[in-house]
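Below is one structure, written out as structure tokens; the observations come after it.
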Amino acid sequence: MKTRNILFVLFLATPLLLENIYAQVSIEADERIEQQIAKKASKQMSGYRLQICFDSDKSIIDEARNRFIGMYPKIDTYVTFEAPNFNLMVGDFRTLIEAERIQAEIHGKFTVVIVHKTQINLPRID
Numbered sequence: 002m003k004t005r006n007i008l009f010v011l012f013l014a015t016p017l018l019l020e021n022i023y024a025q026v027s028i029e030a031d032e033r034i035e036q037q038i039a040k041k042a043s044k045q046m047s048g049y050r051l052q053i054c055f056d057s058d059k060s061i062i063d064e065a066r067n068r069f070i071g072m073y074p075k076i077d078t079y080v081t082f083e084a085p086n087f088n089l090m091v092g093d094f095r096t097l098i099e100a101e102r103i104q105a106e107i108h109g110k111f112t113v114v115i116v117h118k119t120q121i122n123l124p125r126i127d
């Protein structure tokens with residue numbers, strides 16, 4: 002009976018004893034962990050794109066882009082400017098084989114068809 006009364010008193014007193022206790026936690030992690038997390042969260046990866054046209058006249062680039070989109074509506078296109086030319090790059094290919102397959106299909110239909118290793122966006126799922 003005494004034991005039960007002591008436990009009962011401790012049970013009631015515990016919240017009062019813990020009321021003013023504060024804790025602070027400090028986590029020290031290797032900076033490489035944060036780098037790996039950022040790398041995994043990135044929406045880009047190493048891959049390949051095809052350069053299919055370059056010219057200083059933007060209308061020529063737009064025409065080539067529209068032609069390519071008509072042939073391959075699900076493959077993304079990217080226009081960049083590197084003085085003095087605009088470059089039309091297409092695709093987000095993970096492997097060289099994927100890029101070379103499209104390269105073979107469009108060979109002769111565009112000014113140039115050059116495979117470039119670069120950072121690509123994560124490929125589309127659809």
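Residue numbers (the working numbering): 2 to 127. Heads up, the beta-carbon is just placed ideally off N, CA and C, and yes, glycines get one too.
- [ ] Please check the pair A122 and K40, which I expect to be a contact at CB under 8 Å, by giving their CB distance rounded to whole angstroms.
- [x] As a position in the sequence shown, residue 122 is number 121, starting the count at 1. As a position in the sequence shown, residue 40 is number 39, starting the count at 1. A small correction: the amino acid at residue 122 is Asn; Ala does not occupy that position in the sequence shown. The Cβ separation is near 15 Å, so there is no contact.
TODO: Report buried or exposed for R102, applying the criterion of at least 16 other Cβ atoms within 10 angstroms of its Cβ.
DONE: What you label residue 102 is simply residue 101 of the sequence shown in a count that begins at 1. R102 is classed as exposed because its beta carbon has fewer than 16 other beta carbons within 10 Å across all chains shown.
Open item on the list: Once the 5 residues before and after A65 are set aside, which same chain residues still bring their CB inside 8 Å of it?
Closed with: Residue 65 sits at position 64 when you count from the first residue of the sequence shown. The answer, listed in chain order, is I53, C54, L89, F111, T112.
- [ ] Go to R68, then tell me how far its alpha helix (DSSP H) extends in each direction, as first and last residue.
- [x] In the sequence shown, counting from the first residue as 1, residue 68 sits at position 67. Taken as a continuous stretch (DSSP letters only), the alpha helix (DSSP H) holding R68 covers 59-72.
Open item on the list: In whole angstroms, give me the CA-to-CA distance for H117 and S57.
Closed with: Translated into positions along the sequence shown, residue 117 becomes position 116. Translated into positions along the sequence shown, residue 57 becomes position 56. If I take the Cα positions, the gap works out to 20 Å.
- [ ] Go ahead and label R33 buried or exposed: buried means 16 or more other beta carbons lie within 10 angstroms of its beta carbon, across all protein chains shown.
- [x] In the sequence shown, counting from the first residue as 1, residue 33 sits at position 32. Looking at its Cβ environment, which holds fewer than 16 other Cβ atoms inside 10 Å, R33 is exposed.
Task: Residue burial classification, G109 (beta-carbon count within 10 angstroms, cutoff 16) - done: The residue given as residue 109 occupies position 108 in the sequence shown. A residue is called buried once 16 or more other Cβ atoms fall within 10 Å of its Cβ, and G109, having fewer, is exposed.
Task: Bridge partners - F111, DSSP secondary structure assignment - done: In the sequence shown, the residue the question calls residue 111 occupies position 110. Per DSSP, none; premise fails for F111.
Task: For A79: DSSP bridge partner residues - done: As a working mapping, residue 79 is identified with position 78 in the sequence shown. Inspection of the sequence shows that residue 79 is occupied by Tyr rather than by Ala. DSSP output for Y79 lists M90 as bridge partner(s).
Task: Sequence-distant residues of its chain with Cβ nearer than 8 Å to T134 (five each side left out) - done: For residue 134 there is no data in the structure shown, the boundaries of the chain being 2 and 127.
- [ ] Compare the C-alpha of I61 against each of N86, Y73, S27 and name the closest.
- [x] Residue 61 sits at position 60 when you count from the first residue of the sequence shown. Among N86, Y73, S27, the Cα nearest to that of I61 belongs to N86.
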